[in-house]
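If you count by the numbering used here, then the sequence shown holds residues 1301 to 1538, one letter each, in order. One structure is given here, and the rest of the page talks about it.
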Amino acid sequence: MLKYERILLKLSGESLMGETSNSVDPETVSFILDQVKEVLALGVKVGIVVGGGNFFRGVSGSDRLGIQRENADAMGMLATVMNGILLRDVFNSHGIEAKLFSAFPIGSFIKGYNRDSMVRRVNNGEVVIFVGGVGSPYFTTDSGAALRALEMGADLLIKATKVDGVYTADPKKDPTATRYSQVSFDEAIGNSLGVMDMAAFALCRDNKLDINVCSIFKAGSLKRVVLGEDEGTLVYCN
Ligand code: UDP
């Protein structure tokens, strides 16, 4: 029995690097594809928001290179476009229909965002991939993920990270750290758990959209999440 039938998966740009120092690691991309395939096979509708941190992040670009923040963020948004093209083509080449939607117009080769068309694709069982975040500087793709999750009517936002959930402390530094199986939005804020950036977090909380934080590098984790098993950390509305 599925607990979640319509999910928005937030993949950071860094998740495409795997454990390598390359911007994109083919084996990792293939592994992620397999994880998504598993949930598609269960009939789950899937949207993906991909970040761009494997190529460029606005804040560090403007701090270190002196690029004006708005322009550095534009570079970051363009980085997400490259990841989106990559994912779309990998999905398509493995026989999975995937459509790319950009928050802003990209020449003639990526569809501009249109909610009705996007929802039709989702209902049709196609994977929709969103790039460009929300299309404005000073935001991150976490906000893009919260926004698109709401627009596609997702019943869960899955934030896929390298760590398999939210911990009481940094598990790399503190061996006594334990994973929260579930935590409420209020507890997450009260304990400064830093699940997502605050703008994204607030959007989810205000619209009662639960979040699951889990590892994308753990085989079967997405599947276990949609089946409602104890995987990662569920951040739930009160
Ligand atoms: N970005 C932006 N507006 C958005 C989404 C992203 O300006 O709505 C820029 C921002 O500079 C950010 C970069 O794109 O640093 C890459 O996105 P993000 O850091 O969210 O990628 P991730 O960490 O998930 O790979």
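C-beta: ideal position from N, C-alpha, C; glycine also. No experiment lies behind these values; they were computed from the predicted model shown.
Residue span of the alpha helix (DSSP H) that contains ASN1423, given as start and end: 1415-1423
Chain-order list of residues whose beta-carbon lies under 7 Å from that of VAL1593 (same chain, five-residue window excluded): Nothing can be reported for residue 1593, as the shown portion of the chain is limited to 1301 through 1538.
Euclidean distance between Cα positions of ALA1445 and GLY1453: 12 Å
Nearest-angstrom beta carbon gap, CYS1514 and ASP1455 [assumed within contact, 8 Å]: With 8 Å as the limit, ASP1455 and CYS1514 do not qualify as a contact, their Cβ atoms being about 16 Å apart.
LEU1268, DSSP secondary structure in three states: Absent from the structure is residue 1268, since the part of the chain shown begins at 1301 and ends at 1538.
Whole-angstrom distance between PHE1356 and SER1312, CA atom to CA atom: 12 Å
Span separating the alpha-carbon of ILE1410 from that of PHE1430: 11 Å
Burial state of GLY1384, where buried means 16 or more other Cβ atoms lie within 10 Å: buried
Distance between beta carbons of TYR1536 and SER1484, contact taken as under 8 Å: 6 Å
Counted within 10 angstroms of its Cβ, other Cβ atoms place LYS1459 as buried (16 or more) or exposed: buried
Host beta strand (DSSP E) of GLY1347 (start-end): Residues 1345-1350.
Closest by C-alpha distance to ASN1414, when choosing among GLY1376, GLU1451, CYS1504, TYR1480: GLU1451
Buried or exposed by the 16-neighbour rule on C-beta atoms within 10 Å, applied to TYR1480: buried
Cβ contact (3+ pairs, closer than 8 Å) linking the stretch 1465-1477 and the stretch 1423-1442: Short answer: they don't touch.
Same chain only: Cβ atoms within 7 Å of GLY1353, ignoring 5 sequence neighbours per side: SER1312, GLY1313, GLU1314
Where ALA1519 falls: helix, strand or coil (DSSP): Note: ALA1519 maps to coil in three-state DSSP.
CA-to-CA distance, THR1320 to LEU1386, given in whole angstroms: 17 Å
ASP1442 beta carbon near the ligand UDP (any heavy atom closer than 7 Å): yes
Residues near PHE1501 by beta carbon distance below 7 Å, same chain, minus five either side: VAL1495
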